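Following: one structure in structure tokens, then a few remarks.
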Amino acid sequence: MSTASLPAHSDPPPGPNHVAIIMDGNGRWAKARGLPRVAGHRRGADAVRRVVRGAGELGIPILTLFAFSTENWTRPAEEVNDLMGLLRHYLRSELEELHRNGARLRVIGNRAGLAPDIVRDIERAEAMTHANSRIDVNICVNYGARDEILRAARRLAEQVAAGELEADRIDEGRFERELLTSGVPDPDLLIRTSGEQRISNFLLWQCAYAELIFVDTLWPDFGKEHLERAMAEFRRRERRYGGVVG
Ligand code: IPE
Ligand code: IPE
Ligand code: MG
Numbered sequence: 008m009s010t011a012s013l014p015a016h017s018d019p020p021p022g023p024n025h026v027a028i029i030m031d032g033n034g035r036w037a038k039a040r041g042l043p044r045v046a047g048h049r050r051g052a053d054a055v056r057r058v059v060r061g062a063g064e065l066g067i068p069i070l071t072l073f074a075f076s077t078e079n080w081t082r083p084a085e086e087v088n089d090l091m092g093l094l095r096h097y098l099r100s101e102l103e104e105l106h107r108n109g110a111r112l113r114v115i116g117n118r119a120g121l122a123p124d125i126v127r128d129i130e131r132a133e134a135m136t137h138a139n140s141r142i143d144v145n146i147c148v149n150y151g152a153r154d155e156i157l158r159a160a161r162r163l164a165e166q167v168a169a170g171e172l173e174a175d176r177i178d179e180g181r182f183e184r185e186l187l188t189s190g191v192p193d194p195d196l197l198i199r200t201s202g203e204q205r206i207s208n209f210l211l212w213q214c215a216y217a218e219l220i221f222v223d224t225l226w227p228d229f230g231k232e233h234l235e236r237a238m239a240e241f242r243r244r245e246r247r248y249g250g251v252v253g
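So the working numbering is basically just the index in the sequence shown, starting at one, shifted up by 7.
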């Protein structure tokens, strides 16, 4: 066999297709500087802008960011208010740039728990960007995986009870269609910043076979170069899906 027919080893292996990030460490970033927690969240919002831009430049097709969990409501009211204020600001100030850069925005989570003006901003941002195709940017707000899975199970049970669905027709595909991420391919890489090594109720169903990468960097310090490093690590991993390779 001539070398001309060998695959070009200089080409990087494909992927990741969908990078999900648990953006953690804003509070510790602020504390280390003697600043209030909100200062860390503000710098965290700057990191979101950087990372969304960086992901587009790196050619990542889908980026999903965990911004606010169903459990984060247990934080002091002032911090929750600050976070919701930053979300409002982000949705308004970033919309033009996201749109210009070809990003399709989707907000994933239980909207019933959000303020009506935020829901309107979300709907407007999604409508404006829905035809874009360079990068999908999903932001998880008031998201909890157990809540999502429970709601899916409840809706399927209601359909069975109403005689609209046979229980034995519920397979993975049917179940997935009831999840908030319906239509979004599963993440193949999950990154968590700040040194914590846990999932914290994020995308439990969807990350069944995701590669997990934990980095010590606090979220406000995270940038394109960290994302690039995680992608390189992802490409070195051997993904087996329970099978045998080689
Ligand atoms: C991540 O940073 C932002 C949210 C969870 C909303 P944290 O606020 O959790 O920061 P730490 O973990 O206290 O450092
Ligand atoms: C997970 O971070 C939620 C988000 C990043 C939005 P937390 O800081 O809330 O998680 P725990 O409390 O460390 O598990
Ligand atoms: Mg945290």
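Even for Gly, the Cβ is constructed at its ideal location relative to N, Cα and C. Since this is a predicted model, take the numbers as computed values, not measurements.
Contact set for residue i: own chain, Cβ-Cβ below 8 Å, skip 5 residues either direction
{"i": "T10", "result": "Confidence is the limiting factor: at T10 the pLDDT is only 44, short of 50, which leaves the residue's position unreliable, though a coordinate-based value still follows. So the list is empty, once near-sequence residues are dropped."}
{"i": "D124", "result": "R95"}
{"i": "E183", "result": "S189, W212"}
{"i": "L137", "result": "The amino acid occupying residue 137 in the given sequence is His; Leu does not appear at that position. For H137, where only same-chain residues beyond five positions count, the Cβ hits under 8 Å are R111."}
{"i": "G202", "result": "G32, F221, V222, D223"}
{"i": "A215", "result": "D193"}
{"i": "V87", "result": "N79, W80"}
Beta-carbon gap between residue i and residue j smaller than 7 Å
{"i": "A159", "j": "E133", "result": "no"}
{"i": "I6", "j": "A74", "result": "The structure shown does not extend to residue 6, since the chain is modelled only from 8 to 253, so the question has no answer here."}
{"i": "L102", "j": "H48", "result": "no"}
{"i": "M30", "j": "L72", "result": "yes"}
{"i": "V144", "j": "I129", "result": "no"}
{"i": "D89", "j": "V148", "result": "no"}
{"i": "G51", "j": "W226", "result": "yes"}
{"i": "I206", "j": "A237", "result": "no"}
Closest Cα partner of residue i within the set the options
{"i": "D193", "options": "I29, I69, E232", "result": "I69"}
{"i": "A152", "options": "P23, G116, A54, G109", "result": "G116"}
{"i": "Y97", "options": "D175, V59, E171, G34", "result": "V59"}
{"i": "L187", "options": "D175, V167, L157, N139", "result": "L157"}
{"i": "G63", "options": "A169, V222, R111, P43", "result": "R111"}
{"i": "E235", "options": "I67, G41, R40, G32", "result": "I67"}
{"i": "D223", "options": "G32, V126, D175", "result": "G32"}
{"i": "T140", "options": "H25, G109, R131", "result": "First, the amino acid is wrong: residue 140 is Ser here, not Thr. Cα-wise, what sits closest to S140 is G109."}
{"i": "G61", "options": "V87, L105, N79, D178", "result": "L105"}
{"i": "N24", "options": "T81, L65, G41, R57", "result": "L65"}
{"i": "G180", "options": "N208, A168, L163, G170", "result": "L163"}
{"i": "P21", "options": "R246, G253, V251", "result": "R246"}
{"i": "H99", "options": "R127, E86, P83, A84", "result": "First, the residue type needs correcting, since residue 99 is Arg and not His in the sequence shown. Selected option, being the one with the closest Cα: R127."}
Chain-order list of residues whose beta-carbon lies under 6 Å from that of residue i (same chain, five-residue window excluded)
{"i": "F229", "result": "A54, T200"}
{"i": "E218", "result": "L196, F241, R244"}
{"i": "M8", "result": "Confidence is the limiting factor: at M8 the pLDDT is only 41, short of 50, which leaves the residue's position unreliable, though a coordinate-based value still follows. Nothing meets the Cβ criterion."}
{"i": "V191", "result": "none"}
{"i": "R57", "result": "G230"}
{"i": "A174", "result": "V167"}
Backbone secondary structure at residue i - three-state DSSP
{"i": "E101", "result": "coil"}
{"i": "D128", "result": "helix"}
{"i": "I67", "result": "coil"}
{"i": "R243", "result": "helix"}
{"i": "N79", "result": "helix"}
{"i": "E218", "result": "strand"}
{"i": "L112", "result": "strand"}
{"i": "H137", "result": "coil"}
{"i": "F229", "result": "coil"}
{"i": "L196", "result": "strand"}
Residues of its chain near residue i, where Cβ-Cβ distance is below 7 Å and the 5 sequence neighbours each way are ignored
{"i": "L210", "result": "A27, A152, P194"}
{"i": "D154", "result": "T77, N117"}
{"i": "G120", "result": "N149"}
{"i": "Q204", "result": "F221"}
{"i": "P43", "result": "A37"}
{"i": "G249", "result": "none"}
{"i": "M91", "result": "A122, I125"}
{"i": "A169", "result": "none"}
{"i": "H233", "result": "V222, T224"}
{"i": "P252", "result": "Looking at the sequence itself, residue 252 is Val, so the reference to Pro does not match. Within the same chain, V252 has close Cβ partners E245."}
Residue i beta carbon near ligand 4 (any heavy atom closer than 6 Å)
{"i": "G34", "result": "Of the ligands one can find in the structure shown, namely ligand 1, ligand 2 and ligand 3, none is ligand 4."}
By C-beta, the residues closer than 7 Å to any heavy atom of ligand 2, given in chain order: I29, M30, D31, F73, A74, F75, S76, E78, N79, E203, R205, S207, F209
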